[in-house]
Each structure stands twice: as structure tokens, then as C-alpha cells.
Amino acid sequence: MLTDHEIVAALVHGGMPQREAQRRLRERDANIKKEVLRSKARRDRIASSALQGLLIHSAAVDAKPSDFAQSAVAHADALIEELDK
Numbered sequence: 749m750l751t752d753h754e755i756v757a758a759l760v761h762g763g764m765p766q767r768e769a770q771r772r773l774r775e776r777d778a779n780i781k782k783e784v785l786r787s788k789a790r791r792d793r794i795a796s797s798a799l800q801g802l803l804i805h806s807a808a809v810d811a812k813p814s815d816f817a818q819s820a821v822a823h824a825d826a827l828i829e830e831l832d833k
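Going from the sequence shown to the working numbering is simple: count from 1 and add 748.
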């Protein structure tokens, strides 16, 4: 994997001004961060819904809240994997 410095150097070598290359690299990094945050928020929403469903469905079961939370996250991950296929 290339470092940021190597990416900028390659863009400059290809004829792009250095400031433009650095700006584009910052934009790329910002877009990646936004996508990661969106993905995490999506996972949190799905896990929250899964947790609510598990709690309602399992109200009579004697279990720790952490067990429900772990199960909700596992269900959310499985659902996200299916949705993304």
C-alpha cells in the first residue's frame, strides 16, 4: 500500500501541481472518513433494531443485557452482509 507521500509524489510526477495533489488526497481521506461514519451509523441503527426485537422476543428469558447486545450486533452484522450482497 502506498503512503500519502508516495501518492502525492506519483501525482506530481504525472504532471499535477503538488498543492492540487495534496488537496485531492485530503478530499479522498475526508470521503473515506465520511463513508466509515455512515457505515458505522448504519450498523448502529440495525443493531439497535435487532436489540429491540431480541428484547421483546426474549422478555421471558433470564439473560444478561450484554448477551442481548452481543447477539444484536451479530444479527446486525449478518443482516448487513446479506443486504450488501
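All C-beta atoms, glycine included, are put in the ideal place defined by N, C-alpha and C.
I'd like to check one pair, residue j with residue i: are the Cβ atoms closer than 7 angstroms?
i: V756; j: A769; result: yes
i: L827; j: F816; result: no
Going straight from the alpha carbon of residue i to that of residue j, what length do you get?
i: Q800; j: S814; result: 13 angstroms
i: P765; j: E830; result: 43 angstroms
i: T751; j: S797; result: 39 angstroms
i: K812; j: I780; result: 36 angstroms
i: G762; j: R772; result: 14 angstroms
i: E754; j: E775; result: 16 angstroms
i: L759; j: K782; result: 23 angstroms
i: M749; j: R767; result: 22 angstroms
Going by alpha carbons, who is nearest to residue i out of the options?
i: R791; options: H823, H761 and L750; result: H823
i: I794; options: R776, S819 and L759; result: S819
i: A789; options: K812, D825 and H761; result: D825
i: D832; options: R772, R776 and S787; result: S787
What span of residues does the alpha helix (DSSP H) with residue i cover, start to end?
i: D752; result: D752 to H761
Kindly examine the ligand ATP and report whether one of its heavy atoms sits closer than 6 angstroms to the Cβ of residue i.
i: A778; result: Ligands displayed in this structure: none; no statement on the ligand ATP is therefore possible.
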